[in-house]
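Notes follow once the structure below has been shown.
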Amino acid sequence: MNAPRAPLKALDDALAELLAHAEPLPGIDEVTTFDGDGRVLARDIVSALHVPPQDNSAMDGYAVRCADVTPSAVLPVSQRIPAGASGTPLQPGSAARIFTGAPVPAGADAIVMQEECEALAEGTQVRINAQPRVGQSIRRAGEDVTRGAVVLSKGERLTPAALGLAASIGMSTLPVTRRPRVALFSTGDELVMPGDIAPEQMPPGAIYNSNRFFLRALLQRLGCEVADYGIVPDRRDATLDALREAAQQHDLILTSGGVSVGEEDHIKPVVQQLGELDLWQIAIKPGKPFAYGKIYRDQAGAARRGPHNACHFAGLPGNPVASFLTFMVLVRPFLLKLQGATQLAPVRTALPAHFNWPKADKRREFLRVRRNAAGGLDLYTNQSSGVLTSTVWGDGVVDNPAGQTIAQGDLVHFISFAEWLA
Ligand code: AMP
Ligand code: MG
Numbered sequence: 001m002n003a004p005r006a007p008l009k010a011l012d013d014a015l016a017e018l019l020a021h022a023e024p025l026p027g028i029d030e031v032t033t034f035d036g037d038g039r040v041l042a043r044d045i046v047s048a049l050h051v052p053p054q055d056n057s058a059m060d061g062y063a064v065r066c067a068d069v070t071p072s073a074v075l076p077v078s079q080r081i082p083a084g085a086s087g088t089p090l091q092p093g094s095a096a097r098i099f100t101g102a103p104v105p106a107g108a109d110a111i112v113m114q115e116e117c118e119a120l121a122e123g124t125q126v127r128i129n130a131q132p133r134v135g136q137s138i139r140r141a142g143e144d145v146t147r148g149a150v151v152l153s154k155g156e157r158l159t160p161a162a163l164g165l166a167a168s169i170g171m172s173t174l175p176v177t178r179r180p181r182v183a184l185f186s187t188g189d190e191l192v193m194p195g196d197i198a199p200e201q202m203p204p205g206a207i208y209n210s211n212r213f214f215l216r217a218l219l220q221r222l223g224c225e226v227a228d229y230g231i232v233p234d235r236r237d238a239t240l241d242a243l244r245e246a247a248q249q250h251d252l253i254l255t256s257g258g259v260s261v262g263e264e265d266h267i268k269p270v271v272q273q274l275g276e277l278d279l280w281q282i283a284i285k286p287g288k289p290f291a292y293g294k295i296y297r298d299q300a301g302a303a304r305r306g307p308h309n310a311c312h313f314a315g316l317p318g319n320p321v322a323s324f325l326t327f328m329v330l331v332r333p334f335l336l337k338l339q340g341a342t343q344l345a346p347v348r349t350a351l352p353a354h355f356n357w358p359k360a361d362k363r364r365e366f367l368r369v370r371r372n373a374a375g376g377l378d379l380y381t382n383q384s385s386g387v388l389t390s391t392v393w394g395d396g397v398v399d400n401p402a403g404q405t406i407a408q409g410d411l412v413h414f415i416s417f418a419e420w421l422a
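Under the numbering used here, the sequence shown is numbered contiguously, ending at residue 422.
Here it is, written out as structure tokens:
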């Protein structure tokens with residue numbers, strides 16, 4: 001008789017343990033602001049100036065003193081201030097022709113847009129047809145950023161908008177954390193690379209290697225340097241050599257397949273032989289066989305072996321959807337933490353289910369769904385862990401607690417793929 005099985009680890013506990021192993025990588029790179037997209041800031045970025053630097057016009061029009069404007073007042077135009085110029089103080093009883101972005105001259109307290117003015121006498125005079133309010137159409141100095149403010153914080157992942165903001169305070173380079181070096185392996189003797197064998201010639205039992213493609217792309221999106229080692233044969237010696245070798249030069253070894261319970265699954269015993277297996281099997285569906293451990297770089301004497309000089313190891317299940325989801329739920333936050341990122345969890349939105357899910361599972365489930373025009377979620381009909389179509393048809397998942405059924409109209413937790421892929 002089999003011994004009673006230990007209960008599977010809950011996802012939140014597994015994630016907490018995993019993150020406890022993810023010490024941020026040492027080292028800072030200085031990259032040009034152009035190259036910062038997706039990188040994680042290594043230091044706070046503080047502004048050395050106000051943005052905008054001075055009060056400036058939000059409109060093409062005329063700078064005036066409100067007190068000088070009576071109904072249909074005609075004022076002499078005393079100066080012309082295009083963007084990039086700086087004017088002279090505005091004389092009482094006069095107006096200045098001004099353009100968007102140009103500094104507001106001292107003494108002026110409002111801009112009247114040109115659509116509300118009439119140029120007279122070849123532009124030497126102007127009739128003001130609307131009564132301005134003090135401050136109207138003036139963009140105040142420092143209204144975007146004040147001098148001394150932290151505009152971007154250590155641990156933030158840079159977005160295109162953040163690069164623009166950094167440039168707006170004069171940053172031409174940015175301090176970012178080091179990219180994780182990741183070795184990627186696919187396992188499985190059934191795997192064939194697209195291009196190596198044509199679809200019509202595929203032998204029985206062969207399938208194309210799909211995991212390799214999305215895993216490499218996901219790693220790159222997360223800022224990793226990827227060394228893609230292709231397919232390792234389902235043999236213990238080959239697996240041993242491949243992992244031992246890759247551990248020397250990388251921060252993380254990521255494998256897919258071969259981490260389940262069959263005798264063709266060599267990954268787990270090899271990790272145990274070369275280092276330690278810290279986590280295996282998690283109560284999620286799909287994705288139960290996920291494994292995490294460390295491979296010691298120094299295999300020599302027992303005294304020198306140990307986790308202090310080790311390469312992280314994460315083993316994803318072979319089934320493509322399980323591989324994709326365990327990457328998102330576990331490997332993504334792990335890699336972000338290695339890079340020192342502070343925001344690790346995706347935003348979850350409460351949305352109504354426009355479907356029924358009458359059969360609860362013992363494990364926490366990630367159901368592939370798509371938002372519909374009515375503001376609800378539709379379910380992909382086939383939720384099998386091998387059906388990759390579900391992840392393309394869908395635009396996210398419902399994170400459904402263990403033991404939970406769903407009835408049409410229930411509010412559920414939605415996580416969008418866009419959020420995970422960002
Ligand atoms: P395994 O975890 O190795 O037992 O694999 C589970 C299932 O996933 C099997 O049906 C494999 O053929 C499939 N699989 C494993 N690796 C890949 C891959 N790289 N691409 C597509 N399917 C895979
Ligand atoms: Mg396999």
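Using N, Cα and C, we set each Cβ at its ideal position, and we do this for glycine too.
DSSP, read as helix, strand or coil, puts Lys-154 in coil. Excluding the 5 residues flanking it on each side, Ser-172 has same chain C-beta neighbours closer than 8 Å at Thr-32 and Thr-33, in chain order. The shortest C-alpha to C-alpha distance from Asp-29 to any of Leu-90, Arg-178, Ser-47 and Ala-85 is the one to Arg-178. Contact annotation: Gly-340 and Val-40 have beta-carbon atoms nearer than 9 Å. With a threshold of 8 Å, the Cβ atom of Glu-263 does not count as near ligand 2, since no heavy atom of the ligand is closer than that. For Thr-255, there is no enclosing alpha helix (DSSP H); the enclosing beta strand (DSSP E) has its first and last residue at 252 to 256. Between His-312 and His-21 the beta-carbon gap is near 7 Å, inside 8 Å, which marks them as a contact.
Here Val-392 is exposed: its Cβ has fewer than 16 other Cβ atoms, across all protein chains shown, within 10 Å. Nearest to Gly-93 by alpha-carbon distance, out of Gln-79, Pro-103 and Thr-146, is Gln-79. The beta carbon of Asn-309 sits closer than 7 Å to the beta carbons of Tyr-296, Arg-297 and Asp-298 from its chain, once the five residues preceding and following it are set aside; these are given in chain order. Contiguous alpha helix (DSSP H) elements confined to the segment 378 to 413 occur at 389 to 393, taking only those with 4 or more residues. Check the Cα spacing between Val-397 and each of Gly-386, Ala-407, Glu-419 and Leu-163: the tightest is with Glu-419. Residue range 11 to 21 is occupied by the alpha helix (DSSP H) that includes Asp-13. Fully contained in the segment 308 to 386 are the following alpha helix (DSSP H) runs of length 4 or more, in chain order: 320 to 326 and 332 to 338. If the five residues before and after Gln-383 are omitted, its C-beta is found closer than 7 Å to the C-beta atoms of Leu-367, Arg-368 and Ser-390, all from its own chain and listed in chain order.
At a cut-off of 4 residues, not a single continuous stretch assigned as alpha helix (DSSP H) sits fully inside the segment 120 to 152.
The beta-carbon separation of Pro-352 and Asp-410, rounded to 7 Å, stays under the 8 Å limit for a contact.
Burial check for Asp-189: the Cβ neighbour count within 10 Å stays below 16, so the residue is exposed. In the three-state scheme derived from DSSP, where H, G and I count as helix and E and B as strand, Val-31 is classed as strand. Per DSSP, reduced to three states, the secondary structure at Asp-265 is coil, with no helix or strand assignment.
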